[in-house]
Amino acid sequence: MEIQSHISLQPYNTFGIPVDAARFAIVRSVSEVQSLIKDGSLKEKHLFLGGGSNVLFTADFDGLVIKNEIKGISVVREDNEFVWVQAASGEVWHDLVLYAVEHNWGGIENLSLIPGTVGAAPMQNIGAYGVELTHVFESLKAIDIRTGEEKTFLHSDCSFGYRESVFKHAERGNYFIASVTLRLNKSPKLHVQYGAIQDVLRDSGVEQPTIQDVSRAVIQIRTSKLPDPKILGNAGSFFKNPEISADLYATLKEQFSDLPGYPASEGKIKVPAGYLIEKCGWKGKIVGNTGAHKNQALVLVNYGNATGSEIMQLAHDIQSSVLATFGITILPEVNLI
Ligand code: EPU
C-alpha cells in the first residue's frame, strides 16, 4: 500500500469539491488497515472515505485520507426462510442491492441506488422509501483503531436511529467497519406503501410486484428526481428531516395547511425539510456556484466551481430562513469535514 502526498480529493467526493489531502492511501484488505494501525498512522489525523457521497470538505485535509476499496460479497448462512449475506465495507452499496435483487432475496430493494459504500450504510442507518438498513441488519465486523483487534457488533450494539448509529456518537472515530452482514428474506413482504412507488408500479401496469419491480421503481423515482452526482455535484439530502412537537405542528398547520407530517418517536412529528426549504423560496434558486436543486430542495448542488465554504454559506442561509419562517432548526445530514 502506497501513501501518496498532496492528492486532490475532487474525484473522491460526490460534491466535487477541489480540496487536497496531505496524505492519501487506498486500502484493499483489512490487514492493510491493521498495518496502518501498527505503524502509528492512525494515531494522527485521518479520515476513512467510502464513496465520498455524504461529506462536504470545507478545507484541505491536513492528515491521511484512507480510501476504502475492500471488496467481497458472500453467503455466510442460509435456511429455508433467510439468507445471511456478508459484504466487505468497500463494496458499492448499489452493487450489493443488485446482487440481492438478482438472487431474489428481499429486504434492500427499496434502498436501490443509494450512493456510497456498504461500510457507510450502518454509520448513518441509510433509509429510503419506507425501509432502513436496521430492518435487515444482522451484525458487522469492525477493527478497533486503538488496538487493531476485530470486534463484532450485533444489532443491539449499534443504537440505530433515524440516520443515526453508535458510530456517529459514543464510538465515533473508534472503529473501522470491515464488513456488514444482512439477513435477507427468501419470501419477503414487499414495502410498496410509499406513494411514489405505488404510482410507478401502477403506471407500469404491475399488479403483483416482485423484488425486481420494486427495485426498478425506486431506481426510476430516484433517477427522475435526484441529480446524478457525476453530472451535478451533490451529496443527496443535505439536511435531516426535523422532528417537531405535536403542538408546533398543529400551530404551523393553521398557516401551512399542506405541511406534510409523519409520526415519529416520543409523540413527535417528522416534517420534510424539503418542504420547509421550498416554502422559503430556495427550490431551484441558484446562488453563485451553488443552489438547492429544482426537483428536490433538500439536495444542495455544486454547479461547477463551488468551494465547500460556499455550500456551507448557502446551508447557513437556508437554515436561517427556515428558522425565521417556521421556528424549526434543520441540521445537516452530511458530514462536514
Ligand atoms: N417536499 C417538498 N419540496 C421538495 C422536496 C420535498 O415539498 O423540494 C416534500 C413533499 O411533500 C414530499 C415530502 O417532502 O412528499 C417528502 O419528499 P421525498 O419523498 O423526496 O423524501 P424526503 O423526506 O425529502 C427522504 C430521505 C431521502 C430518501 C427519501 C425517500 C432524508 C433526509 N432524506 O427524503 O434520502 O431517498 O426520503 O424515502 O431522510 C438521503 O438521505 O441522502 C436521501 C436522498
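For the sequence shown, position 88 matches number 480 in this note's numbering, and the numbering has no gaps at all.
For each residue, glycine too, the CB sits at the ideal point set by N, CA and C.
Remember, predicted model here, so these are calculated numbers, not experimental data.
Endpoints, the beta strand (DSSP E) within which residue i is located
i: Leu525; result: Segment: none, Leu525 is in no beta strand (DSSP E) and carries neither H nor E.
i: His398; result: Gln396 to Ser400
i: Gly683; result: Thr682 to Ala684
i: Ser629; result: Gly625 to Ser629
i: Leu345; result: No answer is possible for residue 345: it lies beyond the span of the chain, which begins at 393 and ends at 729.
Through-space distance from residue j to residue i, alpha-carbon basis
i: Ile729; j: Val489; result: 28 Å
i: Asp431; j: Gly565; result: 18 Å
i: His453; j: Ile409; result: Residue identity differs from the one stated: residue 453 is Phe in this sequence, not His. Spanning the two alpha carbons is a distance of roughly 12 Å.
i: Gln590; j: Ala513; result: 25 Å
i: Glu436; j: Ile429; result: 10 Å
i: Val528; j: Ser649; result: 36 Å
i: Val492; j: Gly676; result: Looking at the sequence shown, residue 492 is not Val but Ala. Spanning the two alpha carbons is a distance of roughly 36 Å.
i: Asp639; j: Gly653; result: 12 Å
i: Lys622; j: Thr406; result: 7 Å
i: Trp674; j: Met704; result: 15 Å
i: Pro580; j: Ala562; result: 34 Å
i: Gly553; j: Phe559; result: 11 Å
i: Gly719; j: Ser433; result: 45 Å
i: Glu494; j: Pro601; result: 15 Å
i: Cys550; j: Leu618; result: 29 Å
i: Asn681; j: Ala689; result: 16 Å
i: Phe440; j: His708; result: 26 Å
i: Tyr695; j: Asn687; result: 15 Å
i: Leu532; j: Ser637; result: 34 Å
i: Leu448; j: Ile462; result: 23 Å
i: Leu503; j: Arg415; result: 33 Å
i: Glu542; j: Val592; result: 44 Å
i: Asn460; j: Asp487; result: 15 Å
i: Val425; j: Val467; result: 24 Å
i: Asp476; j: Glu501; result: Here the sequence assigns Trp to residue 476, which means Asp is not the residue at that position. Answer to the nearest angstrom: the Cα atoms are 16 Å apart.
Buried versus exposed call for residue i [16 or more other C-beta atoms within 10 Å across all chains shown]
i: His438; result: buried
i: Gln396; result: exposed
i: Met393; result: exposed
i: Lys645; result: exposed
i: Gln516; result: buried
i: Arg594; result: exposed
i: Leu546; result: exposed
i: Arg469; result: exposed
i: Thr615; result: exposed
i: Pro507; result: buried
i: Ala642; result: exposed
i: Ala479; result: buried
i: Gln585; result: exposed
i: Thr509; result: buried
i: Asp605; result: buried
i: Pro655; result: exposed
i: Thr573; result: buried
Terminal residues of the alpha helix (DSSP H) in which residue i lies
i: Trp485; result: Trp485 to Glu494
i: Ser713; result: Gly700 to Phe718
i: Glu646; result: Ala638 to Gln647
i: Glu670; result: Ala665 to Lys671
Curious, which full-length alpha helix (DSSP H) runs of at least 4 residues does the stretch 418-474 contain? 422-430
Counting only runs of 3+ residues fully inside the stretch 500-549, write out the beta strand (DSSP E) ranges in chain order. 529-536 and 542-546
Can you list every residue whose CB sits closer than 6 Å to some heavy atom of ligand 1, going in chain order? Ala520, Tyr521, Gly628, Ser629, Lys632, Asn633, Pro652, Pro664, Gly666, Tyr667, Glu670, Lys675, Gln688, Ala689, Leu690 and Glu725
Considering only residues of the stretch 566-607, which uninterrupted alpha helix (DSSP H) runs meet the minimum length of 4 residues and lie entirely inside it, listed in chain order? 587-595
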